[in-house]
Amino acid sequence: MQEPSGGGHIALDTLDLAVKGAKAYGRDDLVQRLTDARRLLSEPDVTVYVVGEFKQGKSSLINALLTAKICPVDDDIATAVPTVVRFAPESGALATYEPADPSSPPWTERISLEDLPTHVSEAGNPGNVRKLKSVTASISRQLLSGGLVLVDTPGVGGLGSLHNAVTVSSLPRAHSVLFLSDASQELTAAELRFLRTVKDLCPSVFFVLTKIDLYPQWRRILELNAGHLEACGIAIDTVAVSSELRTVAARSADQEMNVESGFPQLVKRLQGVVGDAERSALNAVGLHVGSAVGQLNAALRARRTSLAHPEQSAALVAELTRVNDRVDALRSQSAKWQQLLFDGFADISSDVDYDLRARSRGVLHEAEEAIEDGDPAKNWAEFEKWLRQRLANETLENYGTFIKQARVIASRVAEHFELAESQAVLPREVQAPVQVVEEIDIDSSFTGVKTRGTTGMAAFQKAYSGFLMFSMLTKMAALAIPTPFGVAAGLLMGRSGFMDERKRQLEKRRGLAKTAVRRFVDEFNLQVGKDSRDAMRIVQRELRDAYSARVEELQRSLTEALASAKKAVVEDDAETGELKRLEADIEALEVLGRRADELTLRSASKAVPASVPAVTR
Amino acid sequence: MTPLYVQVRGFVARACAGYAGTPAEPQLRQIAGRLAEPLRVAIAGRVKAGKSTLLNALVGQELAATDAGECTRVVTWYRNGPTYRIMLHPVRGMPRQLPFGRLSGTLGLELGMAPGDVDRLVVDWPSPALRVLTLIDTPGLGSVRSEVSGRTEAALVPEGDGVGTADAVVYLMRHVHGDDVRFLDAFHDDPAQRRPVNTIGVLSRADEVGHARVDALDSAAKIAERYARDSRVRGLCQTVVPVAGLLASSAATLKESEYRAFRLLAAAPEAEVARLLTSADRLARGESEVDVPAAERAELLARYGLFGVRLAVELTRGGLVTGARALSGELLARSGLHRLRSLLTTQFAARADVLKARSALQAVELVLRAYPDRTGGLLHEWERIVAGAHEFAEIQLIDSIRLGVVLFTKDEARDAERLLGAAGVDVPSRLDLPGDAGRAAVRQALGAQLLRWQRRAEHPASPRDVREAARVLVRTCEGILLSEARAEVLS
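Top to bottom, those sequences are chains F and S.
Each residue of the first sequence is one higher than the one before, counting from 1 in our numbering.
Each residue of the second sequence is one higher than the one before, counting from 1001 in our numbering.
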């Protein structure tokens, strides 16, 4: 594991102190939350996927970026298996295999970096016969030391597209995506369509124009592409690079050429992504600590108020009870956030299901037309491949819709939850518990507006079962072939005589083929529909649980505060000592709170953090 | 000229006479005319595959307009003619001649109507290359503008039972794309008409495959070979060859001034030239003390591509070529154009007679069935020719083997295809012998093949289709034996 940055150290210290405090007051729920938050700092992976059609220079880009030969590059199609490149002081690689039994965990094998090509490349592992799931390569590079993880994917389109759908379906977990297209020609309709899906799955996308050393007219292509992107309403940042120039520049230590290669720009963008991720992690830690400190403080302050100003304690108890009622309301089924969550997911479920059916229906129509136009006996195998590929693509786009809508709902629920929380705020003059809710109030780790990584999205990611949908596609039983090749070699010219008989047979074949396709699409609807409904339900449940846990936490804090406020005042020496201790503890907590605030403020310097990872529990 | 071709020509002439004065006569005349024409080769492929560029390379002149954007909008025929002339055939109405103008601007050529209303343009051009082949340039498939792609399919795919416009197709692919495979499927729509035998795949823009390195074409050749082995591609075309179209088209018209520029670059300090050649930008815009101004370098780049310039400089520097002609020849050879041309002239042209005869017979059949036969006997003659033509059976068998319809083993399929002339129609290449193999070796190999296929044909365990295929091969062996024996007697 790499060393955390300076900010990371402070955050870790602060976290540890907060954990100590929570432990001292027996708040195991807060301890749990803070310990979970610690993971954000100790596992600072920032995943960036490199995607695009094949032969656009994805592997070359990674190699040039790291100035090392990691991903195999070949003039022919090279990458067959997704390759993950991450930081490690020593080079090495780990291969993960698809288990024979899908329910058992995958098994892994340690390989050397030199053996990587035989595992990853199309030449060493044609069509992925070794059933590799992924390969993780580790290398010591400055660029990766901030936790940046690059993922090289096999190309989309062409011959292996179904396999790719599985890779792309993991994009919601990515922090950012580099979409590659080379300067030999403008973006095609297929690329644009894919790009839109990618943008749905992961909002942070960069368009990278590659191979600019080869094509004199790359500036014109860049302009044309910008036009296409604008026409599609896709607003993304563009970088033009040449991996070749970067490699040569690295070899000859030619700074001028390095600038020409466009890579410094790309590196800057990637550092930006890492910076954003780190900032948002610090931000989230700050918020969690702040919230925990506030809650701890509540009971202490209530006790202090009742000790120092016994005359105020009745009012305090009244206020606390009122707040408690409000928090109670948050818990009930009829709370606005609960309703939003419930209705929102019901809507998504209906939309996504309709979308899926409309899509599969479109495919069915197309397939039937194709069957009507041709002879199914002729190229059934290709047709079947086409059908699966089409369905995989439609599933992917459908999935994109789901993710997008789920994000919107998560953020709306978060907004309303916060609103409800802020309504539970006590009036200012009553000192103690105000702090509680105020502290919680700034706990914007709930706001789904900050997209991925918020509680909502974290829950979403944790629960997310997209892989299922796609692996299912590959496993679905083969379509029965209507009739084998029955066309004898002798039919050459005298075919007219057989016309009627052949026509009749052809019609029969077409009928059979259509039935087979309809059954297949039906099965597809059933399976994928079930899968996506399950995914939705799990996400919904995770969200609900996460928020319920918050409510419970809040309630416990309030109950403790109430108990402290109600505790009889005996006025003895022990109490004087207690007051002293309380003052000290409150002071300590306040220092901690200030540190947390500072962390939050400093890391939130950028308008809206790209992502605020929150803790899932 | 094969006996079959002569036979068919005679038959068509008799049909013309028989139907003289009937509505069928013009149709038959057209068939007869087409029989006398050179082989029609259509160049097809996706947008930006480099179709027009390849056409220019094949003709050796810059006839068709090319551009970085999508360019060809109208199906255009290029055929040999006494003078330069452009005829426009509208979808409706009479063909008319277009005013003379420079053709390298087909885009800007005044059609006088929307491209959608034009059926085709026919360009007559005196050229030795066009004497053996009539070339048909087509708008790209998979265009964003679907009507453009639609026109190409309409031009290439026969409607219903009609006869295809082109005898053979050169299909350009940059990578084997899903769309490509689908197109070829549509093109061979009827199972009995799926003809990989008259399609050659070209891996175009081959120089870009290897990132314009000087050895780029070697990698391209490897990829082309892989494609050619792919069972799906095999079912669609005869073979796949790599061609660097831009280089080929420009090399054919290499100018003396360009050669001078290459020589200056080759003579300049190596490090400086290497610096210039690292990227297109550096070559076209970079400051340099080399005595070739940036504008001229940009021009070279536009004409030859980065690969072409690198290769030309290397060839000139190595002293491998002296003079513009030699450089042009060497570049042409390296571009892969020679290989394609020889495939077209050996494989296609050698089969051209058979293919044309088959096209003619198919067309005549439609006429014979549509109109009553007044002379009588024409249909019988037609059937006799079709049934007796071993050449058709051979072509059909090649296709069936490629489509995987015949249950041969891998070795059998390979040897059978070779025997049928897939690797070359001369006797030694049919038998997988070196070109200078002696008569005895040929006879021995032939005997072995004959025995092998006879056994396969008679073997009780052979399925019916294999038995039929083996019988065709036996007859092929016998035919070769007969002609060998004749040659021996004559000598």
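Beta carbons: idealized from backbone N, C-alpha and C, even for Gly.
| query | result |
| --- | --- |
| Starting from glutamate 1270 of chain S, find everything on chain F with Cβ-Cβ shorter than 9 Å and list it in chain order. | Chain F residues near glutamate 1270 of chain S: none, gap ~14 Å exceeds 9 Å. |
| Among S/Met1094, S/Thr1072 and S/Asn1080, which has the Cα closest to the Cα of proline 1115 of chain S? | S/Thr1072 |
| Tell me, please, whether the CB atom of serine 1279 of chain S is closer than 7 Å to any CB atom in chain F? | yes |
| Taking Cβ-Cβ distances below 8 Å as the criterion, which residues of the stretch 194–219 of chain F are in contact with chain S? | Lys211, Ile212, Asp213, Leu214, Tyr215, Pro216, Gln217 and Trp218 |
| How is isoleucine 139 of chain F classed by DSSP in three states: helix, strand or coil? | strand |
| In three-state DSSP terms, what is histidine 309 of chain F? | coil |
| Glycine 52 of chain F lies in the beta strand (DSSP E); which residues open and close that run? | 46–52 |
| At the level of alpha carbons, what is the spacing between valine 1214 of chain S and arginine 1310 of chain S? | 7 Å |
| Comparing the C-beta of glutamine 185 of chain F with each C-beta of chain S, is any distance below 7 Å? | yes |
| Could you give the DSSP three-state label for tyrosine 1371 of chain S: helix, strand or coil? | coil |
| Hey, how far is the Cα of lysine 23 of chain F from the Cα of aspartate 45 of chain F? | 29 Å |
| Is the Cβ-Cβ distance between alanine 1206 of chain S and alanine 1261 of chain S less than 7 Å? | no |
| What is the DSSP secondary structure of proline 482 of chain F, counted as helix, strand or coil? | The pLDDT assigned to proline 482 of chain F is 41, lower than 50, so where the model puts this residue is not dependable, and the model offers no usable value. |
| With the cut-off set at 7 Å, would you say threonine 1041 of chain S and alanine 1168 of chain S are in Cβ contact? | In the sequence as displayed, the identity of residue 1041 of chain S is valine instead of threonine. Against a cut-off of 7 Å, the Cβ pair of alanine 1168 of chain S and valine 1041 of chain S comes out as a contact. |
| Using DSSP with H/G/I as helix, E/B as strand and the rest coil, what is glycine 227 of chain F? | helix |
| Does any residue of chain F bring its CB to less than 7 Å from the CB of glycine 1160 of chain S? | Any reading at glycine 1160 of chain S must be qualified, since the residue scores a pLDDT of 40, below 50, and its modelled position is unreliable; the value itself is stated next. No, no contact with chain F. |
| Consider the Cβ of threonine 1106 of chain S: report whether some Cβ of chain F lies at a distance smaller than 7 Å. | Low local confidence applies: a pLDDT of 46 at threonine 1106 of chain S is under 50, so the model's placement there is unreliable, with the coordinate-based value given in what follows. Threonine 1106 of chain S does not count as touching chain F. |
| What are the boundary residues of the alpha helix (DSSP H) that includes glutamine 185 of chain F? | Here glutamine 185 of chain F belongs to no alpha helix (DSSP H), and DSSP marks it neither H nor E. |
| Compute the beta-carbon to beta-carbon distance between valine 1008 of chain S and alanine 1357 of chain S, rounded to the nearest angstrom, for a pair I have assumed lies under 8 Å. | 4 Å |
| Counting only Cβ-Cβ distances shorter than 7 Å, please list the residues of the stretch 1326–1351 of chain S near chain C, keeping chain order. | No chain C is present in this structure, whose protein chains are F and S. |
| Strictly under 7 Å for the Cβ-Cβ distance: is aspartate 597 of chain F near chain S by that measure? | no |
| Taking only beta carbons into account, state which residues of the stretch 1024–1055 of chain S come closer than 7 Å to chain F, listed in chain order. | Lys1048 |
| Comparing the C-beta of glutamine 1193 of chain S with each C-beta of chain F, is any distance below 7 Å? | Low confidence applies to glutamine 1193 of chain S: its pLDDT is 47, below 50, so where it sits in the model is not reliable enough to give any reading. |
| According to the neighbour-count rule (16 or more other Cβ atoms, all chains shown, within 10 Å of its Cβ), is leucine 1490 of chain S buried or exposed? | exposed |
| Measure the beta-carbon distance from leucine 266 of chain F to valine 208 of chain F and round it to whole angstroms, keeping in mind my assumption that it falls under 8 Å. | 7 Å |
| Which chain S residues are close to leucine 245 of chain F, counting only those with a beta carbon under 8 Å from its beta carbon? | Thr1278 and Ser1279 |
| Output, in chain order, the set of chain S residues within a Cβ distance shorter than 9 Å of aspartate 76 of chain F. | Val1209, Ser1219, Lys1222, Ile1223 and Arg1226 |
| Report yes if the CB atom of asparagine 1080 of chain S is closer than 7 Å to the CB atom of leucine 1130 of chain S, and no otherwise. | yes |
| Identify which residue in S/Leu1368, S/Arg1341, S/Gly1377 and S/Gly1376 has its Cα closest to the Cα of leucine 1058 of chain S. | S/Arg1341 |
| So, helix, strand or coil for histidine 1089 of chain S, using DSSP? | strand |
| Based on Cα-Cα distance, which residue from F/Asp200, F/Ala253, F/Leu214 and F/Thr136 lies nearest to valine 241 of chain F? | F/Leu214 |
| List, in order along the chain, the chain F residues whose C-beta lies closer than 7 Å to that of leucine 1306 of chain S? | Leu214 |
| Taking Cβ-Cβ distances shorter than 8 Å, what residues in chain F pair up with leucine 1301 of chain S? | Pro216 |
| Between the beta-carbon of leucine 340 of chain F and the beta-carbon of valine 293 of chain F, is there less than 7 Å? | no |
| My guess is that glutamate 1407 of chain S and aspartate 1353 of chain S are in contact by the Cβ rule of under 8 Å, so how many angstroms apart are they, rounded? | Looking at the sequence provided, one finds leucine at residue 1407 of chain S rather than glutamate. 31 Å between Cβ atoms; not a contact. |
| Name, in chain order, the residues that DSSP records as bridge partners for threonine 108 of chain F. | F/Thr96 |
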